[in-house]
Amino acid sequence: MSRPAVLAFVAFAIVLSGAAPLVGQGGSDTKCPLAVKVLDAVRGAPATAVQLKVSRKTEDGSWTEVAAGVTDTAGEVHNLIEEKDFTSGVYKATFDTQAYWTAAGRTSFHEAAEVTFKAHEQGHQHYTLALLLSPFSYTTTAVVNGAHE
Numbered sequence: 530m531s532r533p534a535v536l537a538f539v540a541f542a543i544v545l546s547g548a549a550p551l552v553g554q555g556g557s558d559t560k561c562p563l564a565v566k567v568l569d570a571v572r573g574a575p576a577t578a579v580q581l582k583v584s585r586k587t588e589d590g591s592w593t594e595v596a597a598g599v600t601d602t603a604g605e606v607h608n609l610i611e612e613k614d615f616t617s618g619v620y621k622a623t624f625d626t627q628a629y630w631t632a633a634g635r636t637s638f639h640e641a642a643e644v645t646f647k648a649h650e651q652g653h654q655h656y657t658l659a660l661l662l663s664p665f666s667y668t669t670t671a672v673v674n675g676a677h678e
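Residues 530 to 678, numbered by my numbering, are exactly what the sequence shown covers, in order.
Structure follows, in structure tokens:
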């Protein structure tokens, strides 16, 4: 792994560990039920202007879009969905990585990065989805915290 990629991964881990506060559109995440963070492993910096959508799986197995957003200068999107609309179920976050890498002047392998997850199986939770991007791979993780204040 290149030095910039290692540094980006370390920064990614520190941010997710809670050692660094969330900043950006939403400021504090104490009331945000779903937030995302995206880092560019090539540049070792936040991935700005990454478009994403969030869909919920319906009973018939199809997907219904429930939210959409674009990462800010900190590589974050807050307040994607309101508490009342973020009910128990299976969700899919789809990140438009192809457009991001094209805008950066790079060729990429993936057209999109998808993260499918179950929400609220153990009661109401707060979710931060994190994505570390490179042109030919991506890594994702989540931080799940208890109920909001």
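All C-beta atoms, glycine included, are put in the ideal place defined by N, C-alpha and C.
Predicted model, so just to flag it, every value in this text is computed and none were measured.
query                                                                                                                                                                        : result
Below 8 Å, can you find three or more Cβ-Cβ pairs linking the stretch 632 to 641 to the stretch 602 to 617?                                                                  : no
Count the other C-beta atoms from every protein chain shown that fall within 10 angstroms of the C-beta of G675, then say buried if there are 16 or more, exposed otherwise. : exposed
For my contact list, Y620 and A648 are in at a C-beta cut-off of 8 Å; report their separation, rounded to the angstrom.                                                      : 6 Å
Which of the three DSSP states is assigned to G555 in this structure?                                                                                                        : Confidence in G555 is poor, its pLDDT being 39 and thus under 50, which makes the residue's placement unreliable; the coordinate value appears in the next sentence. If DSSP states are grouped into helix, strand and coil, G555 belongs with coil.
Give me the Cα-Cα distance between K598 and P664, rounded to the nearest whole angstrom.                                                                                     : Here the sequence assigns Gly to residue 598, which means Lys is not the residue at that position. Those two C-alpha atoms are separated by around 21 Å.
One question on the structure: do A622 and L658 come within less than 7 Å of each other, judged by their Cβ atoms?                                                           : yes
Please report the Cβ distance between L662 and A578, rounded to the nearest whole angstrom; I am assuming they are in contact, meaning their Cβ atoms lie under 8 Å.         : Incorrect: roughly 12 Å between the Cβ atoms, too far for contact.
Write down the C-beta distance between L581 and F624 rounded to the nearest angstrom, noting that I regard them as a contact closer than 8 Å.                                : 5 Å
DSSP beta-bridge partners for H655?                                                                                                                                          : N674
Measuring alpha carbon to alpha carbon, tell me which residue in V595, A633, T616 and V672 is nearest S584.                                                                  : V595
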